[in-house]
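Residues 68 to 413 in the numbering used here are what the sequence shown lists, from first letter to last.
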Amino acid sequence: MIVDTPVATTSAAPAVDRTVLPVAVAGLGAYLPARTVDNEELTRRLDTSDTWIRTRTGIGRRHTAGPDEATSDLALAAARAALLDAGLDATELRALVVATCTPDHLLPATAPLVAAGLGTSIAAFDVNAACSGFVYGLRVAGALAATTDGPVLLIGAETLTRIVDPADRGTAILFGDGAAAVVLVAEEGAALGPFDLGSDGDDPSMLWAAATGTRYPPTPARLVAGEHFLTMRGSDVYRHAVLRMTASATAVLEAAGIAIEDVDLFIGHQANARILAGVAERLGLPQERSHVTIDRHGNTSAASIPLALADARDTGRLRDGDRVLVAAFGAGLTWGATLLTWRARP
Ligand code: ACO
């Protein structure tokens, strides 16, 4: 059972980044793979139940990439949808950033593959801050958009189901695949920020895919032992997630000089419905102002916040001028929060 005991950390909290960028979202698009897996289907191959999954996580189903789909394919579909929404051609973009921790390959990055798919050779690179990747990406791509003379595309894209052990009931039930993208443009009067971003790398094994890189390379023996799969200490991650997301969101509100009552919509990283409810409760935010998609998407890591943003837009929950608070937490550990002002487009 998860209890709210203080979390140990040796790292001092970083100062909040008070930067507010004159940057708006000019286009938003999402892509979810066609196939969905509901809890019932998982019970046929795992020792679990629909009730356990729903009560512990809030997840009812998740989308999974087709056998020929990789992260860049999901990202490309989301990128096209966002460009269409913005009424832009890919040739008008100045840079492309993909936030992902499940790249097509360790090398090269996924972003150049997406840029090639769009038919452009602009600057393209990945940001890996795990589930916090989209919030980190907003800082990086937002700064690019504010200082170059054209739009910048930020995509959160993940194929988590490829790095999860399908036989591990502790993780296989949690994750889904998907991608969503925003076109960021410099615009007078727009506001993106302040930002609170942080990390604590003291204990990466809390949540990692151990045998995937240079520290602990994926030898044949380690692959057979399944050491390339994602593993985590779920209850430790849970406690950190609630505390870090709450602290980060609070720091952003303080830096912005606004109260939680001034926030129209909260979009937290969709890792667990109980984590989201815990954060909302600690922030003093009514649950109905927290947008939740985990029931339908599962945890899609860096894609979860833009997917939820697209869902909020598509279900009429976003109006012009709305202040949206976003907060995330992920492997690393990493965490982050920021504020964006929604601009409705004609
Ligand atoms: N079905 C049934 N029982 C299960 C399942 C399952 N799918 N999974 C675990 N259990 C069992 C465990 O074996 C354990 O049994 P035991 O008591 O006999 O040992 C019991 O349920 C309780 O297990 P806990 O791990 O303590 O359950 P908890 O309440 O912590 O919930 C969960 C587990 C859902 C994983 C929760 O800890 C959580 O959501 N943690 C956060 C995960 C997260 O946010 N990850 C984000 C990272 S994503 C990224 O950065 C890429």
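Backbone N, C-alpha and C fix where the C-beta goes; we use that ideal spot for every residue, glycine too.
Where residue i falls: helix, strand or coil (DSSP)
i: S371; result: helix
i: G245; result: strand
i: T122; result: helix
i: V70; result: Confidence is the limiting factor: at V70 the pLDDT is only 44, short of 50, which leaves the residue's position unreliable, though a coordinate-based value still follows. Coil, per DSSP.
i: R85; result: coil
i: H34; result: In the structure as shown, the chain starts at 68 and stops at 413, and residue 34 therefore has no counterpart that could be examined.
i: D216; result: coil
i: S266; result: strand
i: V165; result: strand
i: L407; result: strand
i: Y98; result: strand
i: G204; result: helix
i: D331; result: coil
i: G260; result: strand
i: A326; result: coil
i: D58; result: No answer is possible for residue 58: the residues shown for the chain start at 68 and end at 413.
i: A466; result: This structure cannot settle anything about residue 466, because the visible part of the chain is limited to 68 through 413.
i: V231; result: coil
i: S188; result: coil
i: N339; result: coil
i: V309; result: helix
Of the residues the options, the one placed nearest residue i, counting alpha carbons only
i: A418; options: R311, A144, D105 and L227; result: Beyond the ends of the chain as shown, which are 68 and 413, falls residue 418; an answer cannot be given.
i: A178; options: D389, A137 and T124; result: A137
i: A212; options: A257, A224, S266 and T187; result: A257
i: F333; options: L385, S368, G324 and D362; result: L385
i: L109; options: A323, E328, A379 and A234; result: A234
i: A208; options: A176, V90 and G388; result: V90
i: D303; options: L274, T215, V87 and G383; result: L274
i: A149; options: Y98, T286 and G280; result: Y98
i: A248; options: V231, Y305, I361 and D140; result: D140
i: A145; options: D267, R206 and P100; result: P100
i: H295; options: D232, A82, D381 and P175; result: D232
i: L88; options: R300, V252 and E348; result: V252
i: A338; options: E107, F396, E321 and R356; result: F396
i: S116; options: R356, G237 and R306; result: G237
i: L220; options: I230, T226 and A190; result: A190
i: W409; options: Y283, A347 and E254; result: E254
i: I230; options: D381, T360 and G293; result: G293
Whole-angstrom distance between residue j and residue i, CA atom to CA atom
i: T72; j: T313; result: The pLDDT assigned to T72 is 47, lower than 50, so where the model puts this residue is not dependable, and the model offers no usable value.
i: A239; j: A246; result: 19 angstroms
i: P218; j: D156; result: 10 angstroms
i: G243; j: Q354; result: 23 angstroms
i: V181; j: L143; result: 5 angstroms
i: A196; j: T167; result: 8 angstroms
i: V92; j: S188; result: 22 angstroms
i: G184; j: R147; result: 10 angstroms
i: G204; j: A210; result: 10 angstroms
i: D114; j: R390; result: 42 angstroms
i: V164; j: H336; result: 19 angstroms
i: D105; j: A394; result: 27 angstroms
i: T131; j: T215; result: 36 angstroms
i: L407; j: L352; result: 17 angstroms
i: A162; j: V291; result: 40 angstroms
i: W119; j: T228; result: 20 angstroms
i: G260; j: R112; result: 44 angstroms
i: P170; j: G133; result: 16 angstroms
i: R121; j: V330; result: 28 angstroms
i: D174; j: D193; result: Sequence inspection shows Leu at residue 174; the Asp mentioned does not correspond to that position. Each residue's alpha carbon lies about 11 angstroms from the other.
i: Y305; j: T158; result: 42 angstroms
i: E107; j: T367; result: 20 angstroms
i: P417; j: I327; result: Outside the modelled stretch of the chain, which goes from 68 to 413, sits residue 417, for which no answer is possible.
i: R300; j: R282; result: 20 angstroms
In DSSP terms, what residue i is bridged to
i: G224; result: The displayed chain sequence assigns Ala, not Gly, to residue 224. In the DSSP output, where bridge partners are listed per residue, A224 has A246.
i: G397; result: T401
i: M299; result: L274
i: L392; result: F333 and L406
Distance CB(residue i)-CB(residue j) smaller than 8 angstroms
i: C198; j: A340; result: no
i: L392; j: V319; result: yes
i: A377; j: G223; result: no
i: L264; j: T317; result: no
i: F201; j: I372; result: yes
i: R363; j: R128; result: yes
i: A323; j: L297; result: no
i: I342; j: A288; result: no
i: G94; j: V250; result: yes
i: G186; j: D152; result: no
i: L241; j: T103; result: no
i: P271; j: T279; result: no
i: L400; j: S315; result: no
i: A379; j: H358; result: yes
Min CB distance residue i to chain B below 8 angstroms
i: L251; result: Absent from the structure is chain B; it holds one protein chain and no more.
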